[in-house]
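Asks:
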């Protein structure tokens with residue numbers, strides 16, 4: 025359960041930045057995506073070894089999470105005023121799923137590092153990008 029709570033907290037940190045930036049997906053969305061990913065991975069870790077006829081591939085769960093999150097992220101991206109919006113938020117949700125999967129597998133240092141790196145991309149890179157290209161619109 026610690027891995028699930030960690031995934032929730034790390035994903036929520038990313039969502040907090042998106043909320044501060046007034047984006048469509050925020051603290052709850054990012055936290056739930058990350059924790060949900062961790063939950064699926066944790067279930068796979070515990071259930072697959074108990075199956076007598078081992079015909080399950082644990083990586084199928086991870087692949088399913090990636091595909092499902094891709095579908096969710098597609099709904100965040102919109103075309104408005106001749107521009108695409110929501111791309112950064114969608115990419116952040118995709119990363120939040122990866123962070124959740126890392127936490128679910130018990131790769132805590134990787135999950136924390138990925139969260140910090142994503143926060144740098146959301147904040148520091150945004151600042152640099154908008155200083156270099158002042159009229160840039162961001163998704």
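In the numbering used here, the protein residues as written are 25 to 163. We put the CB at the ideal spot given by N, CA and C, even for glycine.
#1: Give the DSSP-derived three-state secondary structure of residue 30 in the structure shown.
#2: Is the Cβ-Cβ distance between residue 126 and residue 134 less than 9 angstroms?
#3: With a Cβ-Cβ cutoff of 9 angstroms, do residue 123 and residue 142 count as a contact?
#4: Hey, out of 113, 29 and 131, whose CA is closest to residue 98's CA?
#5: By Cβ distance, which residues of its chain are closer than 7 angstroms to residue 110, with the 5 residues on each side in sequence left out?
#6: Assuming contact is defined by CB atoms lying nearer than 9 angstroms, are residue 60 and residue 39 in contact in what I supplied?
#7: I'd like the span of the alpha helix (DSSP H) that includes residue 53, first residue to last.
#8: From this set, 129, 95 and 105, which residue's C-alpha is nearest residue 16's C-alpha?
#9: Does the beta-carbon of residue 95 have 16 or more other beta-carbons within 10 angstroms, so that it is buried, or is it exposed?
#10: Where do the N-terminal and C-terminal ends of the alpha helix (DSSP H) with residue 74 fall, by residue?
#11: Here's a check: name, in chain order, each residue in its chain whose Cβ is nearer than 7 angstroms to the Cβ of residue 27, leaving out the five neighbours to either side.
#12: Note down, in chain order, each residue of its chain lying with its Cβ closer than 7 angstroms to the Cβ of residue 42, except the 5 sequence neighbours on either side.
#13: At what residues does the alpha helix (DSSP H) containing residue 147 begin and finish?
Replies: Reading off the structure:
#1: In this structure, residue 30 counts as helix in the three-state DSSP scheme.
#2: In this structure, residue 126 lies near residue 134, with their beta-carbon atoms less than 9 angstroms apart.
#3: Against a cut-off of 9 angstroms, the Cβ pair of residue 142 and residue 123 comes out as a contact.
#4: Comparing C-alpha distances from residue 98 to each of 113, 29 and 131 shows the shortest one belongs to 113.
#5: By the criterion of a C-beta distance shorter than 7 angstroms, residue 110 is surrounded in its chain by 48, 100, 101, 102 and 163, once the five residues flanking it on both sides are discounted.
#6: For residue 60 and residue 39, no; Cβs fall outside 9 angstroms.
#7: Per DSSP, the unbroken alpha helix (DSSP H) holding residue 53 starts and ends at 51 to 71.
#8: The requested residue 16 does not occur in the structure, where the chain is confined to residues 25 to 163.
#9: Flag for residue 95 reads exposed.
#10: Taken as a continuous stretch (DSSP letters only), residue 74 belongs to no alpha helix (DSSP H), as it is neither H nor E.
#11: Answer for residue 27: 62, 66, 127, 128 and 130, listed in chain order.
#12: Same-chain partners within the cutoff: 49, 50, 54, 113 and 116.
#13: No alpha helix (DSSP H) contains residue 147, which DSSP labels as neither H nor E.
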